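*Asks:* Okay, so the sequence shown: first residue is 456 according to this note's numbering, each after it adds one.
We treat Cβ as the ideally placed atom computed from N, Cα and C, and that holds for glycine.
Please read these numbers as outputs of a predicted model, since none were measured by experiment.
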Amino acid sequence: MSNFKLRIPAKLLILLHSFLLIPVFLFSQEEDFRQRTHYFGFEPGSNQIKENILIPKVNRGSVIEFSYRFENEGRNYNEVTFNIGYSKLRTKVETEKVTQNLQMSVGYSWGKNLLPGEKVNYYLGVKANYLWTLMEFPVWDESRAYWGTVISAGPFNRVNLAFDNNTSWICSLQIDLIGFCSRPDEERLYAQEKWTVPNIIQITNSGFSFVTLNSFVICSLRNEYRIPLKNDNFFSFCNSITYATVSESKGKSLQTVKISFGFGLGF
456 MSNFKLRIPA KLLILLHSFL LIPVFLFSQE EDFRQRTHYF GFEPGSNQIK
506 ENILIPKVNR GSVIEFSYRF ENEGRNYNEV TFNIGYSKLR TKVETEKVTQ
556 NLQMSVGYSW GKNLLPGEKV NYYLGVKANY LWTLMEFPVW DESRAYWGTV
606 ISAGPFNRVN LAFDNNTSWI CSLQIDLIGF CSRPDEERLY AQEKWTVPNI
656 IQITNSGFSF VTLNSFVICS LRNEYRIPLK NDNFFSFCNS ITYATVSESK
706 GKSLQTVKIS FGFGLGF
């Protein structure tokens, strides 16, 4: 597959992010939803990153992630998510965790209820996602930033099981298979990164290439156990596993594996 570049200005990206929110309001006008939920979560865990452009070694460390999710559940399921996380990492040959990683994602999911019921509900649909990953490797390259930015889409699955004690178990699986990807050039001999917010936002959201399964995949599995509280509120325990391989066509990849356990509050 031939590789082509797509330049997307920052203002257009902001418009695109806002566009992800539009379907929620559109569907809310069409359906009589049973439940609307605002969820705030905290999920610490482990993070692994392998930046093959720089050095083919795995950086490992802990991650702290905060999340917000809006759910609108009825005949169809609509979900808007926002996640932000931070990690400090190191390779086996390093003595201290000096590599830094900042991750942020915004997503919208829609699913059709194919198995409606009092105890079991199964939704199948699609998810659109914006994933931004920024890394700094002071030991290996102190002058440049490394990143993987993806605008992607793929199938979305969600199973909701209700138990007799009013608790519930929710499992969701999404696999992004197609999208647009921004990665740093493999050769930047004389580059000296300007570490300012406007510059970082600009360089990490430019030079997008169309990517498919031959060079790109994001798979995310999430489990959540909800315990009801008063006034339709709930407390939850959750676990998520996310694997991603991101690269331009025929380019070197960025590989990440994140496993987290946490809790949240919904109302």
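1. When the Cα atoms are used, what is the spatial distance from Ile714 to Arg643?
2. Could you check where the alpha helix (DSSP H) with Gln647 kicks off and where it finishes?
3. Using the Cα positions of Ala583 and Phe618, report the straight-line distance between them to the nearest angstrom.
4. Could you give the DSSP three-state label for Asn660: helix, strand or coil?
5. Tell me where the beta strand (DSSP E) around Pro683 begins and ends.
6. Quick check: the Cα distance between Pro653 and Leu569, rounded to an integer number of angstroms?
7. Who does Pro610 pair with in a DSSP beta bridge?
8. Looking only at its chain, what residues have a beta carbon closer than 6 Å to the beta carbon of Thr492, apart from the 5 residues adjacent to it on each side?
9. What do you get for Phe689, buried or exposed, if any count of 16 or more other CB atoms within 10 angstroms of its CB means buried?
10. Considering only residues of the same chain and omitting the five flanking positions on each side of Tyr494, which have a CB-CB separation below 6 Å?
11. Between Glu573 and the rest of its own chain, which residues show a CB-CB distance below 6 Å, the 5 nearest in sequence each way excluded?
12. Locate the beta strand (DSSP E) running through Gly540, then write down its first and last residues.
13. What distance in whole Å lies between the Cβ atoms of Val575 and Leu616, which are believed to be in contact at a cut-off of 8 Å?
14. Taking the continuous beta strand (DSSP E) assigned at Gly721, which residues delimit it?
15. Round the Cβ separation of Ser560 and Glu534 to the nearest angstrom and send it over; I've been treating them as touching at under 8 Å.
*Replies:* The answer reads as follows:
1. 32 Å
2. Note, Gln647: premise wrong, no alpha helix (DSSP H); not H, not E.
3. 31 Å
4. In the structure shown, Asn660 sits in coil (DSSP, three-state: anything other than H, G, I, E or B).
5. In this chain, the beta strand (DSSP E) harbouring Pro683 covers Phe671 to Pro683.
6. 45 Å
7. Val581
8. Glu526 and Gly721
9. Counting Cβ neighbours within 10 Å, Phe689 comes out buried, since at least 16 surround it.
10. Arg524, Gly719 and Gly721
11. none
12. Asn531 to Arg545
13. 6 Å
14. Leu709 to Gly721
15. Actually they are not in contact, since the Cβ atoms of Ser560 and Glu534 sit about 13 Å apart, beyond 8 Å.
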